[in-house]
Amino acid sequence: MSNKKILVCDDDEGILDMVSFILEDSGYDVIPERNSMNVYNLIVKERPDLLLLDLWMPVLSGDQVLKVLKSNPETSGLPVIVVSASTEGAKIAHDAGASDFLAKPFDIEQLVNRVQHMLAS
Amino acid sequence: MEILDNGEFSFSHDNLQRDFDLLRQALDASITGIIITDHQQPDNPIIYCNSAFEKLSGYTRKEIIGHNCRFLQREDRNQKERLILREAIQSGKDCVVEIRNYRKSGELFWNELYMSPIIDENGKVTHFIGVQNDVTRRKKAELELLHHQQVMEQKIEERTRVIRESEEYLASIYQTVRESLIVLDPNFGVLSVNEHFLKTFKVSLGETEGKKLYELGNGQWDIPPLKQLLEDVLPTNNPVENFEVEHDFPHIGKKLMLLNAHRIELEGKYKDRILIAIEDITERREIERRKDDFLSIASHELKTPLTTVKGYVQMMSRFMPENSSDKFKGVVEKTGVYIDRLNNLISELLDVSRIQTGNIELHKEQFDFDKMVHETVEGMQAANKDHQIIIKGKATNSFVGDESHLIQVLNNLLSNAIKYAPESREVLIYLSTVSNYLKVSVIDHGMGINIEDQKRIFERFYRVGDIQQHYPGMGIGLYICDQIIKNHEGTLWVESEKGRGSTFSFTLPLNERAGNE
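The listed protein sequences correspond, in order, to chains A and B. Reading the first sequence from the start, the letters are residues 1 to 121 in full-length UniProt numbering. Reading the second sequence from the start, the letters are residues 1 to 517 in full-length UniProt numbering.
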């Protein structure tokens, strides 16, 4: 059985590296992406099982990405965990239709638990 | 026998002597001084005086007869009454004067002198009769009255000046205040406005005073919430304070105004007048918003690298070789603790700024309260292996409130329970419902809090004295918790005993719970 595939989009390279590191260590395949503009095409092309999405990103913000995904039948079913340091993050994520929200900074255990939980359901 | 007929007296020659004596006795019995002077002799000598005149003047008859009356004035010769007398004598008319005279003893008395001429059948003035009354007492009273009047007038003048000055003083304050002030009559007609009002709303005095408030500037003040305030709230004698009105004004654009209104209850002229003070807080609110925005961005930007650091430090723990020294394990563990502390400080910074400006916005939504508690504990447990956090009881699975704020409260209470109970291994959370409230208690067996400190720990920047040296922090955590719970109409309190541990509890009303669960 092949590993579950997770697309991670965050404009901060440090976080991208760290999250990839943790998730790969937990046995997932990770597609890291810094540019939020590429998310839709990547999903269509790579068919990931889960998307981890930052909110505050240049050009196209996380909630805008989410709205695009939700409005498109090809991507609307993909579970999305929004991961953000924004104080209003939880509300923005909820309003945009995210499946879950995780505040930065997080415990790696928490991250792994949420990912596991999301992929199991 | 000749009959003399002067109209009042009539007597015969037989009785002439007797009647004359009677008349003289009558004159002597009078308390009014009477003299007769002979106008046909030079210098008008006195030819008759009654005894009352002797008493009045203090001179005896022999000192009086033959003298001119002026001896009564002594050296006091510049009285204007003398002119009146002289003219009357020259023209043969009668006159009344009040003149200062002096008795023989030198004592001053006011003499009300009535002087009238006796004219013979040829129309020639032969004598003058002087009727004299001592009016010193009356005169004194009159003079005193006059004096009082003058003093009174002076006082009134003084008072008027003081009032005018204080009015000018108040008016200058009124005009200098950097807040728009407007005075209305009970029918909302504008009585006066200050300079700042004219400047702020870019109107002239002529366009304003005497007009109805609602008609000002094409009805720019016809603002429904303001109308309601003035017509419904003020008449109940409740002053209106800090009432926010956002309105698009014709000349000056959209403004946020803070209003205080007050109705004068004094009886009299000013009764029922309405004072309105208007502060334009558009700019201030904008600056506050920018400050919050700045802090939001700053905290977001600070948290981003912190997230990476925290992740890697936790990975270090995970990849810790089994044979690592306790020293090394300790270093890694402590690094984690201080990362959390840094994170809390960054979060609190923004919260305090918002609480200070009153800009905490509640995003109330229905959520599963018990689940929230369990998840928060799970997160806290992951970072603190030393303490075991035990949840007992149940509150509700459906609560309407700001979930992220309540998570913050719980995190704060839990991290305090752990931080201030380093020797203890267990923290208990007890969930329950009491009447129409849910109740959460966080119980630790730590160092406890003094009675004196218990009252103050919810104050901003308050830190218990001996705690300050050993436990870092800004002293705002509990302050924020208290504010958040208050914003949810609940209460937060502590019960504690020094050395025995503390129980922090809060209640939240369940009224807003969604009806059909």
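Glycine residues also receive a C-beta, built at the ideal position from the N, C-alpha and C atoms.
Using a CB distance below 8 Å, the part of the stretch 382-405 of chain B facing chain A consists of A382, A383, E403, S404, ordered along the chain.
Look at the stretch 161-200 of chain B and you find no whole run of alpha helix (DSSP H) that is 4 residues long or longer. In this structure, B:A261 and B:I281 do not form a Cβ contact; the two beta carbons are roughly 16 Å apart against a cut-off of 8 Å. Taking B:R70 as reference, the option from B:R61, B:I99, B:K93 with the minimal CA-CA separation is B:I99. In the three-state DSSP reduction, B:E209 falls in the coil class, being neither helix nor strand.
Sequence-ordered contacts of the stretch 80-95 of chain A with chain B read A85, S86, T87, A90, K91 [C-beta pairs closer than 7 Å]. Cβ-Cβ distances below 8 Å link B:I390 to E426, V427, L428, I429 in the same chain, with the five nearest sequence neighbours on each side left out; the list follows chain order. With respect to the 7 Å criterion, B:T37 and B:I31 are not classified as neighbours on the basis of their beta carbons. For B:N411, the nearest beta carbon of chain A is not closer than 7 Å to its own beta carbon.
If you look at A:M18, you'll find it in the alpha helix (DSSP H) that goes 13-25. A distance below 7 Å separates the beta carbons of B:T396 and B:L438.
The C-beta of B:Q454 comes no closer than 7 Å to any C-beta of chain A. Here the C-alpha atom of B:H39 lies approximately 35 Å from the C-alpha atom of B:A141.
Beta-bridge partners of B:Q388 (DSSP): B:E426. Judged by beta-carbon spacing, B:T308 lies within the 7 Å limit of A:I15, meaning their Cβ atoms are closer than that value. Annotation: B:F367 to B:S398 spans about 5 Å, alpha carbon to alpha carbon. Approximately 13 Å separates the beta-carbon atoms of B:N68 and B:N101; this is outside 8 Å, ruling out the contact. Chain-ordered listing is empty here: chain B has no CB closer than 8 Å to the CB of A:G27, the nearest sitting near 14 Å. Put simply, the CB of A:I108 is near chain B, with a gap under 7 Å to one of its CB atoms. Here the alpha carbons of B:H247 and B:L191 stand approximately 23 Å from one another. Within the stretch 28-65 of chain B, the runs of alpha helix (DSSP H) that reach at least 4 residues and sit entirely inside it are, in chain order, 51-57, 61-64. Judged by DSSP secondary structure, B:P225 falls outside any beta strand (DSSP E) and instead within the alpha helix (DSSP H) spanning 224-228. In the structure shown, B:S116 falls within a strand segment according to DSSP collapsed to helix, strand and coil. By the rule that beta-carbons nearer than 7 Å mark a contact, B:Y312 touches chain A. For B:L345, no Cβ of chain A is located within less than 7 Å of the residue's own Cβ. In this chain, the beta strand (DSSP E) harbouring A:P32 covers 29-33. Taken through DSSP and simplified to helix, strand or coil, B:V203 comes out as coil.
From the beta-carbon of B:P305, the residues of chain A found nearer than 7 Å are G14.
Looking only at B:T136, B:I118, B:Q132, the smallest Cα-Cα distance to B:L108 is reached by B:T136. Interface flag for B:T308 against chain A is set, since a Cβ pair is found closer than 7 Å.
Within chain B, no residue has its CB atom less than 8 Å from the CB of A:P73, the nearest being about 28 Å off. Rounded to whole angstroms, the Cβ separation of A:I81 and A:R114 is 6 Å, and the two are in contact under 8 Å. Scanning B:G206, B:L213, B:E207, B:E279 for the CA closest to the CA of B:P186 turns up B:L213. Chain B places no beta carbon closer than 7 Å to that of A:M118, leaving this residue out of the contacts. Between the alpha carbons of B:N78 and B:Q25 lies a gap of roughly 36 Å. Contact check for B:G33 against B:F20 fails: the beta carbons are separated by 7 Å or more.
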